[in-house]
Each structure stands twice: as C-alpha cells, then as structure tokens.
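Scroll down for the structure; my scribbles are underneath it.
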Amino acid sequence: MDNLKLAEILFPNLSLTVDDIEAKYPQRQLAPGAMVTRLAPSPTGFIHLGNLYGAYADMKLANQSGGVFYLRIEDTDEKREVPGAVEEIINGLKYFGVDFDEGALIDGEKGAYGPYRQSARKELYQVYARELVKKGLAYPCFCTEEDLAEIRNQQEAQKEQTGYYGRWARDRFLTMEQIEKNLAEGKPWVLRFKAMVQDGETVGLVDGIRGPLVLPANNMDFVVLKATGLPTYHFAHVVDDHLMGTTHLLRGEEWLSTLPMHLALFAAMGWEHPLYCHTAHLMKKEGEGRRKLSKRKDPELGLNYYRSLGYHPLAVKEYLLTILNSNYEEWRLEHPTAADSEFEFTVDKMGRSGALFDLEKLNDISQTIFLQLTAEEIYEFVLSWAKEYDTAYAQILTDHADMAKKAFDIGRSGNKPRKDLVYGAQIAKFSAYIFPETFEITDSYPAEVSKEDCVTILREYLQGYAYEDDNDAWFGKVRLLAQELGYAAKPKDFKKNPDQYKGHVGHVSGVIRIALTGRTNSPDLWEVQQILGVEEVARRVNNAIAALN
RNA sequence: GGCUCGUUGGUCAAGUGGUUAAGACGCCACCCUCUCACGGUGGAAUCAGGGGUUCAAUUCCCCUACGAGCUACCA
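Numbering of the first sequence is given in the numbering used here, commencing with residue 1090 and proceeding in unit increments.
Shown next as structure tokens:
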C-alpha cells in the first residue's frame, strides 16, 4: 500500500501543512511550573455542577501557577448541539466566578491559540489525519451502519469482544484499487486509526489524581474523522491539547476507559501527552444506593437551580472547594476570612471516589458566607436575585431599602453573630416579618399564657413602651411587667418552682414577639422595634389586641 | 456479558504496617439565654465481607459483594 498516495487521494485539497500549523501554534513561553488548563464543554445542554467543579480546579491550578486557563468549545457533534448553549455556558460560569484567560467568547474569542471552537478547526484536524495516513496509521472505512451491526452480531454470537479491531476490521485490508473504486462511487467514509498492538499489551502512565495506572493497550481501530470530516472527541482532544499546550488535563473518570486510545494517538503523532487527572463524579443518593448525578433527573445538578434559589455564588464555590480538595476545609478553619485564592490547590488531594452532594452542608457554608458580607452587599445581592426570580419581593426591597438593610444586619455584629440568612428564597421568607406588606401573624401565642393575659400584656406593654429606651431598659420593663402579672422574671426561677408562677418572662416576651413579628422565631425584638418605629409598633400591637378580642 | 475505576461514621473526609482512627456538616444531651439562633461542653456513630502476607493490617496482595463508568461516525 502506497500510504503517501492514499493520503493524497483522501485529502486532496488541504492548503496547510504540518509545518504551517506548528509555526502558528508555537510552544507557550511560560515560567517553569506554569500550568495550562482548560475547560472543554460541549454545547449540548445546560452547564451543571460537575462542570463548575472541574472549572474551579482548572482555574485555581492555572491562576496559582501563573499559567493559562482557557475555554474550548467541543462542538463536533452537530446533531446534539443546542442553540444558545455556548452563551449559557459562559454566562453561567461567569456568575459563579469562573473567568477564562483565553478561549471562546459569546461573540468571537480571545487568545492566540484559536480558533477555540472545534467546528472551526476542521482543516487542522485533517492535516494531522493526513499525517496519520502517511504513516500508515489510519485508513478509510466504508462500512455502513448495517455492516457494523452485522459485525457486532457475529461477535456476540461467537462471544468475542465487540468492536472494530483485528480481523474484524474489514476495511483495514482494502486494496488501493478497492479504495479508489469506493471513492469514485461516492461512498461515504470515515477515517479509522490503525491499532498496532500485541494481544495482552498494556500501557502505563501516572494519573495526577489516581497515581500509577496500567491499562490494556488500545486494540480498536476507532474512528478519528467522521463522515462529515469533523474529528471525534478522541482525535480532537489529542490535536487540540497538543496545539494549545495544555499541561494538566482534568476531566471526568468516564474517560478512563478510552484513555488508551488517546495515549496511542499521542504516541502515533510523536507528541507528549499532558498530565491526565481523572476526577470522580458527583453522586446522588437514591434510596439505599447512590448514582451519578444525572442531568435529566436531578434539577439540583443544574447551576440554574442554585441561582434561582438565590444561593450566593461564593457559597457554591466555597462548598465545591471543600469537596474538591480534601484539605481545604481545614485550611479554611485556620484562615476564616482569607480569599480562597490564597489556598494552594493540589491535584493529588482531589478525591478518587464520587462525593454525594450535601445540601445541608451547602446551607451551613452559605450562612457563614453571608456573615462576611456587609448588609449593603447582602441587600444588593438579594435585590438582584429577586429582580430575576421574585419580582414582588424585589418591589418590596426597593420600596423599603433602608428597612431591609437594617433588618438584614440584626444580630450580626459581635463575636457570636446570628446566622439567619441562607439563600435568596429563604431570606425572602425570613425577612417577611419586617415589611408592612408581608407582615402577618402566622404562629400562635405561647400556650402558657391565657388569652386574657395576652391582651393585658400587650396593653400594658404598649403603654410603657418608649422608643428611646436602650435594649437593657426595654427588657427591664418587660421583666417588670412579667412580674406584675405573676410570671417569673427569670426562667430559672420558674423552672425551680413551676407552681408559683403562671410562666416566665420568656412567655411574656413571646406574646410581644408574636404581636410584633407574627412568629415565635425572630431576631432581637428591641432591634426590630428600632427599625419599625413607634407608630408601626403601636399599630401592630393594637391590631393584635383587636384580633384577640 | 467484557473491560476499567472505586468502597473509612448518616454525609464530606484525614490518616498510617503498631494511632485512644483527626476534623467538618447533620443528629442527641447539657450549658448560656427573653424566643429562635449563635456560641460552649459532651455524646452516639466508621475502616464493605472473606481469605492470605506479616510478630502485627484499616493500611500490602487475592477473591467476593456493592457502586460507578466505558463498551458510538456522543462527548
């Protein structure tokens, strides 16, 4: 077989040569140790937590080493492409704090190693595919779907490994005449890699996360170029990551089993492969078992889920970081306020087994994230969330900006701050008590207090209420009132002698709390009243009295 | 089915040929306390199972079970 001639017949119209390309994509001039990483999603749907998880790792690796983090769009499958997906990927990632040094943009791109959309790199792949043919390492295959199904059936019947390989690789043995004839007849063809391995041969490499790995060498004559002339993932990955100078390649563990193909390709091209790092999948608990989080079944996998609920992007990032690197949480404990960029991220501390997504932990982290924001920042964040997902609440926040900010800030100072705020939707519900439009009495009065006493307490309380009182003076009055009505001034006294009292001051203030906030659970009452103002306090107490009668 | 990867409390996990097997979230109890929180103290709870190797195995090897992934002209 004349490989050079075959290459010429298969690729007659390429304008570029290998030298042209190598000249256009020189090795990157970076400091030693600088890592080049990438995110390479395919525009087939929404971006999910898994993408974000990987993106943070890639970004940290590049940033902390003075390297480059770029975005490449893997759009070689025209059938599955979803319109607008690229925009959604970029915007979605940006919202959660992922920025790229170079790569695809919504319109166009930036960086010298483009194009960053694989569909625009068709000729590049073909030039290298032609090289493969020249070396006798690739050949055209004219098999139809039916032909392949037939091969598979036979293999299954004979209990042999399925696939296109060895003696089953029908078109591997085509003569030049047969190929020319097929071509002349206009038969569609794909280009297959010609696997050259002995039975039982293995390949070894060191994975950044999993350590040394020994895998069976690839024996499949897999497809390198589809009938459309576009490459498969395997070929595109090898060509692109070589040309774009990727040094550390993070990807999901689903690629582990096709890794030998990629290794074979790198070897065939005579290129060095990047350091592969195969990450574990995020899992989901289902019944007794666990399974990979799935795009279809699990809305919480979509980034949009967290965004629509109003989780702060920093909270999502912080949470993902804790499951990304096993020693991050410990570091965070020692550096509670440091920027996460100060944490040195290492690939070998990434988990080998899939983590279950833990919403409760996210909530916990989310609470402490809000603690670090100012009331102003919280307000801005919640408002921008509400504008998109809860317009009624957005209107209220706009109308009562000052009130909202003060309410968000209650009890957050000092060294034992409250952690009331978790995420947008929760905040909307939690803060409802403060605004006149949403205030309503939803909880019931303490069972220890009779209806008559409730009325008495509220009447007397309102009479004695003075806006100028400080917190201590205010509560002193409540204590006094409690005592006058036969309630213990201190809960401890009541606990010791429950028969001597109707209840204790907590029950009395509970009545006031219900009247003022509508709930048994509210931030500090004195502060709430400072925000509401005398008139509103009086209005709410009077309404409560009226409702009791 | 074949191949590959994985398995430490409920969850995230540290860790090592000899440890009282960290820590975090959650849970429970108590303390603090005007509620709820926050905070503090304490507690329950883990090396999937079985074989080896070894003086000694959670750690090394093998098998089994379970989970996951791949087995496309998808990525």
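C-beta atoms are modelled at their ideal positions from N, C-alpha and C, and glycine is treated no differently.
For the putative contact between residue i and residue j, defined by C-beta atoms under 8 Å, what is the C-beta separation to the nearest angstrom?
i       : j       : result
Phe1100 : Arg1281 : Wrong, their Cβ atoms sit about 15 Å apart, outside the cutoff.
Val1313 : Pro1349 : Their Cβ separation, rounded to whole angstroms, is 15 Å, which puts Val1313 and Pro1349 out of contact at 8 Å.
Tyr1107 : Arg1117 : According to the sequence shown, residue 1107 is Val rather than Tyr. At roughly 19 Å, the Cβ-Cβ gap does not stay under 8 Å, so Val1107 and Arg1117 are not in contact.
Thr1487 : Tyr1322 : Thr1487 to Tyr1322, Cβ: 48 Å. No contact.
Ile1298 : Arg1441 : 6 Å
Ala1633 : Ile1530 : 7 Å
Val1617 : Thr1606 : 6 Å
Val1286 : Ala1306 : 4 Å
Pro1580 : Val1594 : 7 Å
Out of the options, which one is the CA nearest neighbour of residue i?
i       : options                            : result
Phe1519 : Arg1628, Tyr1214, Thr1609, Gly1200 : Thr1609
Met1309 : Lys1581, Arg1602, Leu1352          : Leu1352
Val1187 : Tyr1145, Ser1430, Glu1431          : Tyr1145
Lys1450 : Glu1469, Lys1406, Lys1476          : Lys1406
Ser1455 : Pro1229, Tyr1395, Asp1260          : Tyr1395
Lys1183 : Leu1403, Ala1571, Lys1508          : Leu1403
Lys1566 : Glu1549, Glu1274, Leu1390, Gly1575 : Glu1549
Phe1311 : Gly1334, Arg1259, Glu1274          : Arg1259
Glu1163 : Leu1095, Asp1330, Glu1249, Leu1138 : Asp1330
Glu1177 : Pro1525, Asp1558, Gly1391, His1593 : Gly1391
Ser1104 : Leu1213, Ala1120, Phe1470          : Leu1213
Leu1460 : Arg1501, Met1372, Asn1102          : Arg1501
His1401 : Cys1366, Gly1513, Asp1479, Leu1128 : Gly1513
Asn1393 : Val1175, Asn1180, Lys1149, Asn1631 : Asn1180
Val1295 : His1326, Gln1250, His1362          : His1362
Leu1160 : Pro1132, Ala1096, Arg1169, Gln1153 : Pro1132
Val1544 : Leu1614, Ala1635, Phe1528, Phe1583 : Ala1635
What's the C-alpha gap between residue i and residue j?
i       : j       : result
Glu1245 : Gly1252 : 10 Å
Met1090 : Tyr1254 : 19 Å
Gly1341 : Ile1412 : 15 Å
Tyr1590 : Glu1477 : 52 Å
His1370 : His1489 : 44 Å
Gly1378 : Leu1445 : Its pLDDT being 49, under 50, Gly1378 is placed unreliably in this model, and the value from its coordinates should be taken loosely. Cα to Cα, Gly1378 sits roughly 11 Å from Leu1445.
Leu1574 : Ile1516 : 36 Å
Glu1111 : Tyr1217 : 11 Å
Leu1364 : Gly1334 : 11 Å
Leu1642 : Phe1262 : Past the edges of the chain, shown from 1090 to 1638, lies residue 1642, and the structure says nothing about it.
Leu1462 : Asp1498 : 10 Å
Arg1421 : Leu1409 : 13 Å
Ala1209 : Trp1344 : 24 Å
Leu1150 : Lys1211 : 30 Å
Lys1585 : Ile1546 : 24 Å
Leu1621 : Ile1458 : 27 Å
Ile1601 : Arg1568 : 12 Å
Ala1096 : Tyr1205 : 27 Å
Gly1376 : Gly1139 : Low local confidence applies: a pLDDT of 48 at Gly1376 is under 50, so the model's placement there is unreliable, with the coordinate-based value given in what follows. Taking the straight line joining both Cα atoms gives about 22 Å.
Glu1170 : Pro1320 : 15 Å
Asn1452 : Val1511 : 6 Å
Val1279 : Tyr1114 : 27 Å
Gly1399 : Ile1467 : 11 Å
Val1303 : Gly1289 : 12 Å
Glu1235 : Gln1243 : 12 Å
Gly1300 : Gly1143 : 19 Å
Tell me the residue span of the alpha helix (DSSP H) that contains residue i.
i       : result
Ala1325 : 1322-1332
Val1187 : First-last for Val1187: undefined, no H or E at that position.
Val1337 : The sequence given here places His at residue 1337; Val does not occur at that position. Not the alpha helix (DSSP H): His1337 falls in the beta strand (DSSP E), residues 1337-1341.
Arg1608 : Careful: Arg1608 lies outside any alpha helix (DSSP H) and carries neither H nor E.
Asn1632 : 1623-1637
Leu1105 : That residue, Leu1105, is in no alpha helix (DSSP H); it is neither H nor E in DSSP.
Ala1258 : Ala1258 -> no alpha helix (DSSP H), and no H or E assigned at all.
Tyr1214 : 1211-1223
Pro1344 : Looking at the sequence shown, residue 1344 is not Pro but Trp. Taken as a continuous stretch (DSSP letters only), Trp1344 belongs to no alpha helix (DSSP H), as it is neither H nor E.
Lys1092 : In the sequence as displayed, the identity of residue 1092 is Asn instead of Lys. Asn1092 -> alpha helix (DSSP H) spans 1092-1099.
On the DSSP bridge list, what partners appear for residue i?
i       : result
Cys1230 : Val1279
Leu1445 : Met1372
Val1312 : Arg1281
Cys1543 : Paired residues: none, contrary to the question.
Ala1193 : Glu1198
Ser1137 : The question names Ser, but residue 1137 in the sequence shown is His. BP columns for His1137 point to Gly1391.
Gly1592 : Tyr1576
His1424 : DSSP, once it has assigned bridges, lists no residue as partnering His1424.
Arg1206 : Ile1162
In terms of residues, what are the limits of the beta strand (DSSP E) holding residue i?
i       : result
Asp1296 : 1291-1296
Leu1304 : 1300-1305
Tyr1159 : 1157-1160
Leu1128 : 1125-1128
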